[in-house]
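Contents: one structure, followed by commentary.
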Amino acid sequence: MRILFIAMANSIHTARWIDQLAGRGWDIHLFPVESGRLHPDLKNLTIHDFLPHKPYGSNHGLRLAGAWPFPGGATLARHIMKRLMPSWSDRVRRLARTISKLKPDIVHSLEMQHAGYLTLDAKNHLDGKFPPWIFTPWGSDIYLFGRLSEHARKIKDVLSSCNYYAGECHRDVKLARAFGFDGEVLMISPVTGGFNTEQLWLFRQPGPTSARRLILLKGYQNWAGRALVGLQAIRLSADVLKGYRIAVYLANQDVRIAAELLSQSTGIPIEIVPRSSHDEMLRLHGRARVSIGLSISDGISVSMLEAMVMGSFPVQSNTSCGNEWIRDGETGRLVFPEDPENVAGAIRLAVTDDALVDSASDINARLTAERANESLIKPEVVNMYKKVFSRGKSQYVVK
Numbered sequence: 000m001r002i003l004f005i006a007m008a009n010s011i012h013t014a015r016w017i018d019q020l021a022g023r024g025w026d027i028h029l030f031p032v033e034s035g036r037l038h039p040d041l042k043n044l045t046i047h048d049f050l051p052h053k054p055y056g057s058n059h060g061l062r063l064a065g066a067w068p069f070p071g072g073a074t075l076a077r078h079i080m081k082r083l084m085p086s087w088s089d090r091v092r093r094l095a096r097t098i099s100k101l102k103p104d105i106v107h108s109l110e111m112q113h114a115g116y117l118t119l120d121a122k123n124h125l126d127g128k129f130p131p132w133i134f135t136p137w138g139s140d141i142y143l144f145g146r147l148s149e150h151a152r153k154i155k156d157v158l159s160s161c162n163y164y165a166g167e168c169h170r171d172v173k174l175a176r177a178f179g180f181d182g183e184v185l186m187i188s189p190v191t192g193g194f195n196t197e198q199l200w201l202f203r204q205p206g207p208t209s210a211r212r213l214i215l216l217k218g219y220q221n222w223a224g225r226a227l228v229g230l231q232a233i234r235l236s237a238d239v240l241k242g243y244r245i246a247v248y249l250a251n252q253d254v255r256i257a258a259e260l261l262s263q264s265t266g267i268p269i270e271i272v273p274r275s276s277h278d279e280m281l282r283l284h285g286r287a288r289v290s291i292g293l294s295i296s297d298g299i300s301v302s303m304l305e306a307m308v309m310g311s312f313p314v315q316s317n318t319s320c321g322n323e324w325i326r327d328g329e330t331g332r333l334v335f336p337e338d339p340e341n342v343a344g345a346i347r348l349a350v351t352d353d354a355l356v357d358s359a360s361d362i363n364a365r366l367t368a369e370r371a372n373e374s375l376i377k378p379e380v381v382n383m384y385k386k387v388f389s390r391g392k393s394q395y396v397v398k
């Protein structure tokens with residue numbers, strides 16, 4: 000079986016999803032949505048890009064199709080090619096030609112605004128049948144962008160053109176149907192695949208969650224992230240945080256400055272976590288009593304699932320699909336992402352109610368073992384591709 004993924008090549012989500020197919024002898028290919036660095040966890044596949052940047056010191060079974068063959072001169076070559084052959088830099092045509100030449104049995108787009116749009120445009124460049132097309136949304140792809148006039152038409156076009164849908168939450172399935180998707184929903188699972196829950200429990204701090212004295216805050220502050228609201232909530236609940244420390248990860252400069260000033264004014268130790276490996280982040284959740292993630296839009300937040308697996312009490316935006324995993328007030332708290340008092344109330348609850356966080360830890364451990372365990376999800380993913388493959392191949396011609 001030959002599968003072509005169209006996705007962000009620098010994303011851990013892409014790497015973890017594709018890794019579920021390792022060891023099956025399938026012919027796996029990746030067309031990056033833009034040139035740039037490859038995620039170091041990508042392995043055992045072919046990258047289709049003229050100038051991909053292979054991770055230093057990494058072999059991982061990566062094959063580079065169309066790569067610049069020399070150790071230097073790549074940037075100059077790119078500029079020359081763009082000037083002499085403008086169509087060369089047209090990613091849509093390059094993807095169309097890749098599909099025509101490669102003839103994949105399945106095309107799978109991971110994410111909408113880059114991968115989905117690109118795949119749709121490439122399909123429009125092909126005359127004749129297109130390979131079976133699976134689409135998977137990430138995070139805010141439909142829930143937020145579908146409400147923006149700039150994107151709504153394109154989202155409808157993608158969802159009315161793809162054959163299959165594999166998503167992360169039931170909320171987005173309903174939205175996809177409303178946007179015109181009339182194909183088959185193959186599965187609902189986290190966009191990264193599952194977790195080795197038994198192994199990850201070894202990363203947890205020994206003892207009950209109620210004995211932990213760390214609060215973890217996701218530091219995204221951008222068009223969706225609301226980390227500054229989280230810091231305001233910590234200020235409002237500072238009177239119950241004596242003996243606690245705060246760790247902020249993925250923080251930008253605005254969040255770093257606000258965190259430092261907050262620490263000075265309250266005396267609460269606040270650490271800015273440097274960019275860390277996935278395992279290191281899991282260990283942080285495994286030492287945290289509370290894990291906070293705030294955004295105006297999300298799907299199934301991966302950091303929320305990581306917190307649940309690692310025994311940390313999740314405080315998550317009610318603008319995500321968290322309600323499909325969390326029982327509000329029992330196994331976590333769903334909060335308004337732009338209301339610091341509401342978030343502060345959730346923090347107060349989580350740091351003052353030992354029985355609550357210990358009970359939530361036990362329930363979430365069982366839930367994630369049942370619904371997010373890689374030993375259950377991986378076979379389902381493999382069978383999904385087998386099912387699509389069994390329905391036949393198509394023919395390709397570039398216009």
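Counting from 0, one number per residue, gives the positions in the sequence shown under numbering that gives the first Met the number 0. C-beta: ideal position from N, C-alpha, C; glycine also.
Assigned exposure category for residue i - 16 Cβ within 10 Å defines buried
i	result
N363	buried
W222	exposed
Q204	buried
N382	exposed
T351	exposed
A177	exposed
S10	buried
D48	buried
K399	Missing from the structure shown is residue 399; the chain here goes from 0 to 398 and no further.
S264	exposed
Q198	exposed
P273	exposed
N251	exposed
L185	buried
P313	buried
G60	exposed
G233	According to the sequence displayed, residue 233 carries Ile and not Gly. Under this definition I233 is a buried residue.
P268	exposed
L147	exposed
P339	buried
Own chain residues within Cβ distance below 7 Å of residue i, not counting five before or after
i	result
Q322	Checking the displayed sequence, the identity of residue 322 turns out to be Asn instead of Gln. L333, listed in sequence order.
S389	none
N372	G193, F194 and T196
Beta-carbon proximity list for residue i, same chain, < 8 Å, skipping 5 on both sides
i	result
I299	E167, C168, P189, V190, S319, C320, G321, E323 and W324
K353	One detail in the question is off: residue 353 reads as Asp in this sequence, not Lys. Hits under 8 Å: P207 and S209.
V32	I5, A6, M7, A8, R90, E110, H113, A114 and L117
D181	S159
T367	F194, T196, L304, M307 and V308
P103	R1, I2, L3, H28 and P130
L20	I2, I27, V380, V381 and Y384
K155	F178 and G179
V172	Y164, G166, V184 and I187
L227	Q220, D253, V254 and A257
Unbroken alpha helix (DSSP H) run spanning residue i, endpoints
i	result
V381	E373 to F388
Q198	T196 to L199
K173	H169 to A177
V301	V301 to V308
Y116	Y116 to H124
M280	H277 to R286
W222	Taken as a continuous stretch (DSSP letters only), W222 belongs to no alpha helix (DSSP H), as it is neither H nor E.
V350	P339 to T351
V247	It is not in any alpha helix (DSSP H) - V247 instead sits in the beta strand (DSSP E) that spans R244 to Y248.
A95	R90 to L101
M13	It should be pointed out that residue 13 corresponds to Thr in this sequence rather than to Met. T13 -> alpha helix (DSSP H) spans I11 to D18.
Beta strand (DSSP E) segment containing residue i, residue limits
i	result
A151	Not the beta strand (DSSP E): A151 falls in the alpha helix (DSSP H), residues S148 to S160.
S290	V289 to G292
P31	D26 to P31
T45	T45 to H47
T135	W132 to T135
A64	R62 to A64
Cβ of residue i within 9 Å of any chain D Cβ
i	result
S262	Any reference to chain D falls outside this structure, which holds one protein chain only.
Spatial neighbours of residue i in its chain, beta-carbon cut-off 6 Å, leaving aside the 5 residues before and after
i	result
E270	A246
V301	T191
W137	E110 and V190
K398	With a pLDDT of 38 at K398, under the threshold of 50, the modelled position of that residue is not reliable, and the figure given next carries that caveat. Answer for K398: H124 and D126, listed in chain order.
S108	I5, A114, G115, T118 and F134
T296	Here residue 296 turns out to be Ser, not Thr, going by the sequence shown. Counting only Cβ-Cβ distances below 6 Å, and skipping sequence neighbours, we find S139, Y142, L143, A223 and T318.
Y248	G218 and V272
V401	The structure shown does not extend to residue 401, since the chain is modelled only from 0 through 398, so no value can be given for it.
D357	P207, T208 and S209
S316	L293, S294 and P336
Counterpart residues of residue i in DSSP-defined beta bridges
i	result
S316	V334
G166	I187
I5	F30 and S108
V272	Y248
D327	G331
I214	I245 and V289
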